[in-house]
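In our numbering, the protein residues as written are 132 to 637.
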């Protein structure tokens, strides 16, 4: 172990100056290209919560005080997910390989290792197995992992582990500075529950997958221009990227191109306004600012689906996602058959699609120029943009078996800070903007998107999954169902689920 760490440190010392110089040049270049994006992101979102997640360029190392804590050369071990869904999932890199994102992870880790005299390790298992594996280890009383990245709802919901006292309340770890901008303030506010607004999971950039799980709108710029439409970037900046604006683009993009119908056929020519999958419905719902569950100031959660605005929002989404006139195409079969939203959009047969940010990697060799936008607002009176994080988003937890929480909190906080300062800019300003996204306008949009990601607390605790799945599997697939009836059918069960959970927090 010691020889391995010595090798790392020698290599780190030899290359870190060159790497940081390269990052500095990149940051200066990106900053000059996007000097207006900081103000735009805060002004156009109008979101004081999002605004706390400020751009990393404004933060200097001198502002952060690293605790003088010594880990004694021991291992600091993460449990982290792997997936087959093309996400970047590496928390640890053993060597530099010339890829700027890999090298940023490597450099971050060696820096943190030297600060705290630890060896950063990562045990990587399939995303669906994270929660069961962590539960097994904790129930056995094993202090195996210092921290873990658990999916909100994938292979079991994270709330079931929380209510079984598997994790620390992060607010009880004083070395975590959870109010700072290197933690996802939107997520943290929505995740707080119970007396004292307990927080059992948090969002940050230590695991890049968490950042890549945010949903956004991709659109074909060439097609938009050919249709005589304005590129909608200024619409977003003006706060006018709404359901109605989105729907106008949907309608304009639909074109039979000589086909007899809009029924999907790989060998036909019809073009669709919007192609998507089940999550299109819940992503649009999240974009409206509506939530299944809202939480009082004292941390008490309440069902919020019976309000007039919630029902109006969902009704409008259902109207937009009807399978008629080519405005919407539901396509989520095997990509190899072509009946899938990503290849359909990539081939130029849809004006827009909706997917996680990581989909930009799928579109990197797309012939046409594509752009990226936040999820639209419900209407012009809505102040903020909100972007949906998928249910499998990994969030940070500290296992209840952890025997050194002060050190753990200090390491995680410093690692989140350095990630925000040195790694997130590489992801957004280099790996994404230069390799996948095609223009500075899309980079501006990222400043809005990255600050507004959150997922539903009712999903994390398993309270509203029956209703959410009904929305996904009906409205998301272009089907209609009685929204009010479905809500009434599930409301009592949801309230019972909430009450049962809250009894465990007493």
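Ideal placement from N, C-alpha and C gives every residue a C-beta, glycine not left out. Computed from a predicted structure; not experimentally measured.
- DSSP places residue 196 in the coil class of the three-state scheme, outside both helix and strand.
- Around residue 608, the same chain offers 409 and 461 as residues with beta carbons nearer than 7 Å, after the five sequence neighbours per side are excluded.
- Separation of residue 532 and residue 250 (C-alpha to C-alpha, rounded to the nearest whole angstrom) is 19 Å.
- The residue from 227, 351, 197 and 276 with its alpha-carbon nearest to that of residue 205 is 276.
- Taking C-beta atoms under 8 Å as the contact rule, residue 458 and residue 404 qualify, at a distance of about 5 Å.
- Contact holds between the stretch 505-516 and the stretch 367-378, because three or more Cβ pairs, one in each stretch, are under 8 Å apart.
- Linking residue 241 to residue 518 through their CA atoms gives a straight-line distance of about 33 Å.
- When the five nearest sequence neighbours on each side are left out, the beta carbons in the same chain lying within less than 8 Å of the beta carbon of residue 372 are those of 363, 366, 504, 505, 507, 508 and 516, in order along the chain.
- Exposed is the label assigned to residue 296, since fewer than 16 other Cβ atoms lie within 10 Å of its Cβ.
- Going by DSSP, residue 472 is part of no beta strand (DSSP E) but of the alpha helix (DSSP H) stretching over 472-477.
- For residue 242, no beta strand (DSSP E) segment is defined; the enclosing uninterrupted segment is the alpha helix (DSSP H) at 231-247.
- The secondary-structure analysis by DSSP pairs residue 252 across a beta bridge with 208.
- Secondary structure note for residue 538: it is in no beta strand (DSSP E), and the uninterrupted alpha helix (DSSP H) holding it is 536-549.
- Straight through space, the alpha carbons of residue 332 and residue 414 are spaced by roughly 21 Å.
- The stretch 416-425 makes contact with the stretch 582-592; the number of CB pairs closer than 8 Å reaches 3 or more.
- The three-state reading of DSSP puts residue 434 in strand, counting E and B together.
- At a Cβ-Cβ threshold of 8 Å, residue 269 and residue 449 do not count as neighbours.
- Within its own chain, the residues whose Cβ lies closer than 6 Å to the Cβ of residue 559, once the five positions on either side in sequence are excluded, are 577, listed in chain order.
- At the C-beta level, residue 290 and residue 632 come within 8 Å of one another.
- Residue 573 carries a helical assignment under DSSP once its states are collapsed to helix, strand and coil.
- Residue pairing from DSSP places residue 585 in a beta bridge opposite 519.
- The beta carbon of residue 421 is closer than 7 Å to those of 440, 441 and 444 in its chain, skipping five residues each way along the sequence.
- DSSP lists 350 and 405 as the beta-bridge partner residues of residue 483.
- If you look at residue 268, you'll find it isn't in any beta strand (DSSP E); it sits in the alpha helix (DSSP H) that goes 261-270.
- Cβ contact annotation for residue 446 (same chain, cutoff 7 Å, sequence separation greater than five): 614, in chain order.
- Sequence-distant Cβ neighbours of residue 382 in its own chain, meaning closer than 7 Å and more than five residues away, are 404 and 458.
- Taking 8 Å as the cut-off, the beta carbon of residue 581 is found closer than this to the beta carbon of residue 345.
- Nearest in C-alpha terms to residue 401, of all of 335, 266 and 478, is 478.
- Where residue 330 is concerned, there is no enclosing beta strand (DSSP E), because DSSP gives it neither an H nor an E.
- The C-beta distance from residue 391 to residue 636 rounds to 59 Å, too long to fall under 8 Å, and the pair is not in contact.
- About 4 Å separates the beta carbons of residue 353 and residue 499, which is inside the 8 Å limit, making them a contact pair.
- Exposure of residue 305 is indicated by the presence of fewer than 16 other C-beta atoms within 10 angstroms of its C-beta.
- Pairing residue 536 with residue 528, the inter-Cα distance amounts to about 12 Å.
- Residue 345 is bridged by DSSP to 520.
- Bounds of the beta strand (DSSP E) holding residue 424 are 424-426.
- Where residue 528 is concerned, the enclosing beta strand (DSSP E) starts and stops at 525-528.
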